[in-house]
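Student:
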Amino acid sequence: MEPARILIVDDEPFNLDLLEQELEILGHTSVRAANGRAALDRLSEEPFDLVLLDVMMPALDGYAVLERMKAHEAWRHTPVVMISALMEIGSIVRCIELGAFDYLPKPFEPVILEARIRSCLERKRAHDREIAHLRTIERERKRADELLHAILPVSAVSELMETGQVKPRLFGDVAVLFVDLVGFTTWCHGQTPDVVVAEIQRLAEAFEVVAQARGLENIKTIGDAFMATANLLREHADPVTAAIRCAADMVAVAAAGEPGWRIRGGLHIGPVVGGIVGRTKFTFDLWGDTVNVAARLSGLGEGTALHLSHAAFLRLPDRRSVRPIGAVTLKGKGAVEVYRHALDAGDPDPA
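Mapping the sequence shown onto UniProt numbering, position 255 (from 1) lands on 255, and the numbers just tick up by one.
(1) Could you say which of Glu73, Val93 and Ile276 lies nearest to Leu160 if we only look at CA atoms?
(2) Who does residue 358 pair with in a DSSP beta bridge?
(3) Under 6 Å Cβ to Cβ from Phe226, same chain only, skipping five residues before and after it: list those, please.
(4) Which residue comes first and which comes last in the beta strand (DSSP E) that contains Gly62?
(5) Hey, how far is the Cα of Glu109 from the Cα of Gly36?
(6) Tell me Met82's beta-bridge partners as DSSP assigns them.
(7) Near Ala39, what residues of its chain come up, given a Cβ to Cβ distance below 6 Å and the 5 sequence neighbours on each side ignored?
(8) Bridge partners for Asp285 per DSSP, in chain order?
(9) Could you give the first and the last residue of the continuous beta strand (DSSP E) run that contains Val31?
(10) Could you check if Pro239 is buried or exposed, using at least 16 other CB atoms within 10 Å of its CB as the buried criterion?
(11) Distance check for Leu170 and Asp347, CA to CA, integer angstroms please.
(12) With 16 other CB atoms within 10 Å as the buried threshold, where does Trp261 fall?
(13) Rounding to the nearest angstrom, what Cα-Cα distance links Gly27 and Met82 in this structure?
(14) Can the beta-carbon of Gly266 be found closer than 8 Å to that of Leu297?
(15) Do Ile269 and Thr290 come within 8 Å of each other at the CB atom, strictly closer than that value?
(16) Can you name the residues that DSSP bridges to Val176?
(17) Round the Cβ separation of Leu330 and Val336 to the nearest angstrom and send it over; I've been treating them as touching at under 8 Å.
(18) Within 10 Å of its beta-carbon, does Phe14 have 16 or more other beta-carbons around it, so buried, or fewer, so exposed?
(19) Could you check how far apart the C-beta atoms of Leu300 and Val338 are, in whole angstroms? I think they sit under 8 Å.
(20) Leaving aside the five residues before and after His62 along the sequence, list all residues of the same chain whose C-beta is less than 8 Å from its C-beta, in chain order.
(21) Which word fits Thr78, buried or exposed, when buried means at least 16 other C-beta atoms lie within 10 angstroms of its C-beta?
(22) Less than 7 Å between the CB of Val196 and some heavy atom of the ligand GDP, yes or no?
(23) Would you please state the rounded distance, in angstroms, between the beta carbons of Val306 and Ala247? I believe it to be under 8 Å.
(24) From Arg323 to Asp249, what does the alpha carbon distance come to, in whole angstroms?
(25) Suppose the cutoff is 8 Å on Cβ atoms and the five residues either side in sequence are ignored; what does the same chain contact list for Ala59 look like?
(26) Return the residue from the list Lys106, Ala115, Val176 and Asp102 that minimises the CA-CA distance to Ile18.
(27) Enumerate, from N- to C-terminal direction, the unbroken beta strand (DSSP E) stretches of 3 or more residues contained entirely within the segment 189-259.
(28) Could you give the distance in angstroms between the alpha-carbon of Arg68 and the alpha-carbon of Glu162?
(29) Among residues of its own chain, excluding the 5 on either side of Val251, which ones have a beta-carbon nearer than 7 Å to its beta-carbon?
(30) Are the CB atoms of Ala175 and Asn218 within a distance shorter than 8 Å?
(31) So, at 8 Å on beta carbons, what are the nonlocal neighbours of Glu2 in its own chain, with the 5 sequence-adjacent residues on each side left out?
(32) Please classify Arg5: does DSSP put it in a helix, a strand, or coil?
(33) Can you list, in chain order, the residues of its chain whose CB lies under 6 Å from that of Arg5, leaving out five sequence neighbours each side?
(34) What are the partner residues of Glu337, as DSSP defines its beta bridges?
(35) Taking C-alpha atoms, which residue in Glu114, Glu97, Val80 and Ala71 lies nearest to Gln21?
(36) According to DSSP, is Phe14 part of a helix, a strand, or is it coil?
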């Protein structure tokens with residue numbers, strides 16, 4: 001039997017000595033308490049695997065100690081064996097009803113004491129294993145929830161938890177922003193994988209902070225491209241301006257680090273379809289013409305600039321920093337009117 005730490009409570013020194021000797025023979029460590037109040041003090045100082053508790057004691061008897069133990073969050077699962085010369089049925093029933101694991105008469109037989117202790121400790125350790133297992137499950141559940149919230153929008157996580165699926169839906173009037181790093185592919189050729197991933201991680205984290213601060217939703221990172229939306233899952237009064245401000249903030253963040261990145265981006269506004277794909281690895285994504293146009297616009301030019309569609313341009317309350325560049329042919333779309341915002345010229349409204 002694995003050694004245990006046992007609290008023995010009795011107002012008779014002879015009984016304490018006898019219990020201490022028996023426990024030592026069994027390989028256990030004992031701590032003595034001469035009365036009920038001392039027992040509660042010991043319990044508040046350290047945890048015990050088992051309590052051997054006398055019933056009849058002055059000041060605070062075994063019933064009162066047992067009752068307080070079972071009402072205490074930290075002590076209620078500690079098994080208690082009542083030890084008493086009082087063998088009335090009423091006393092035994094009362095102890096069991098108060099939560100005692102067992103009742104042992106005085107004078108006790110060492111072999112019966114050993115059996116009672118073994119049974120109590122096995123039960124206590126089984127309970128401890130169960131609690132440890134439940135805590136492990138809770139940690140894993142919390143970690144899974146955190147991962148889901150990192151991958152999926154809050155509303156999608158809630159729907160997934162409640163129904164086991166997320167139905168695709170149409171979102172109207174969504175500003176879709178794509179930004180990518182100019183010259184990133186060329187830069188990668190001279191770097192180790194660790195350096196490349198570390199730089200993408202740094203920028204992705206910084207861009208996420210910027211997007212959230214501007215009220216945009218982070219959708220995904222595709223290589224060195226970052227996609228965010230405004231007015232998708234959170235209502236936004238002016239999604240186009242919010243997206244431009246977000247892009248300007250991203251330019252500042254990217255330029256501040258090494259090697260001083262330039263950013264180009266694309267912005268379009270319109271309806272999108274959103275949903276979750278994958279069975280074992282969930283991904284929340286968006287589809288539709290609005291997404292495709294924004295992605296195509298982000299590939300225009302080589303310098304720091306944001307290219308807007310005509311629909312996005314029309315939604316701007318302040319157009320002073322935007323100039324038309326005429327019709328541009330986009331892959332899969334044909335000729336579209338495009339407008340350029342020189343992001344390095346500053347945010348149209350730095351507020």
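Ideal placement from N, C-alpha and C gives every residue a C-beta, glycine not left out. Remember, predicted model here, so these are calculated numbers, not experimental data.
Tutor: To lay it out plainly:
(1) Ile276
(2) Examination of residue 358 is not possible in this model, given that the chain is present from 1 through 351 alone.
(3) Val179 and Phe207
(4) Gly62 -> not in any beta strand (DSSP E); alpha helix (DSSP H) instead, spanning Gly62 to Ala71.
(5) 24 Å
(6) Leu53 and Tyr103
(7) Val9, Ala33 and Val65
(8) Gly275
(9) Thr29 to Ala33
(10) buried
(11) Because Asp347 carries a pLDDT of 43, less than 50, the predicted location of this residue cannot be relied on, and no value is offered for it.
(12) buried
(13) 21 Å
(14) yes
(15) yes
(16) Thr229 and His268
(17) 6 Å
(18) exposed
(19) 7 Å
(20) First, the residue type needs correcting, since residue 62 is Gly and not His in the sequence shown. Within the same chain, Gly62 has close Cβ partners Val9, Gly36, Leu53, Asp54, Val55, Met56, Met82, Ser84 and Cys95.
(21) buried
(22) This structure simply doesn't include the ligand GDP, nor any ligand for that matter.
(23) Correcting the residue type first, residue 306 is Leu in the shown sequence and not Val. At roughly 5 Å, the Cβ-Cβ gap stays under 8 Å, so Leu306 and Ala247 are in contact.
(24) 20 Å
(25) Asn35, Gly36 and Arg37
(26) In the sequence on display, residue 18 carries Leu and not Ile. Cα-wise, what sits closest to Leu18 is Lys106.
(27) 217-222 and 225-230
(28) 41 Å
(29) Ile263, Thr304, Leu343 and Asp344
(30) no
(31) Leu121 and Arg125
(32) strand
(33) Thr29, Phe48 and Asp49
(34) Ala327
(35) Glu114
(36) helix
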